[in-house]
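Everything on this sheet refers to the single structure shown next.
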Amino acid sequence: MDITMQGILGVIAVIVLFKLAFYTVKKVIIHVITGYAAYYIATAYFGIPIDLGIMMWALMALFGPLPIVAVGLWDYFGA
Numbered sequence: 073m074d075i076t077m078q079g080i081l082g083v084i085a086v087i088v089l090f091k092l093a094f095y096t097v098k099k100v101i102i103h104v105i106t107g108y109a110a111y112y113i114a115t116a117y118f119g120i121p122i123d124l125g126i127m128m129w130a131l132m133a134l135f136g137p138l139p140i141v142a143v144g145l146w147d148y149f150g151a
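Per the working numbering, residue 73 is the first one in the sequence shown, and the count goes up by one each step.
See below:
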């Protein structure tokens, strides 16, 4: 490969990496916002005592509101 082709492939790789990173950061931010909204609803409206530790924040970053919903259902059904 000559230097021009390597430069073009390098630019394409950088563009794809930036798009992937932006998508990932955007998705994590959306997950945290929806997870915190679920936490607020669970504590303010339903009175479910949920402790937001570092592990719960990490789970919210990965799965959004699902960990909060799971804890709320766990509390509701008395397990």
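Beta carbons are placed, not taken as given, at the ideal position from N, Cα and C, and that holds for glycine.
Helix, strand or coil for residue i, going by three-state DSSP, please let me know.
i	result
ILE101	helix
LEU131	helix
GLY119	coil
GLY125	coil
Provide the residue span of the alpha helix (DSSP H) that contains residue i, from first to last.
i	result
GLY144	138–148
Does residue i pass the burial test, meaning 16 or more other C-beta atoms within 10 Å, or should it be called exposed?
i	result
VAL83	exposed
ILE140	buried
TYR111	buried
Mind reading off the beta-carbon distance from residue i to residue j? Whole number of angstroms is fine, and I expect it under 8 Å.
i	j	result
GLY133	VAL97	Looking at the sequence provided, one finds Ala at residue 133 rather than Gly. The pair is not a contact, with the Cβ atoms about 11 Å apart (cut-off 8 Å).
THR115	GLY136	The Cβ separation is near 17 Å, so there is no contact.
ILE120	GLY144	5 Å
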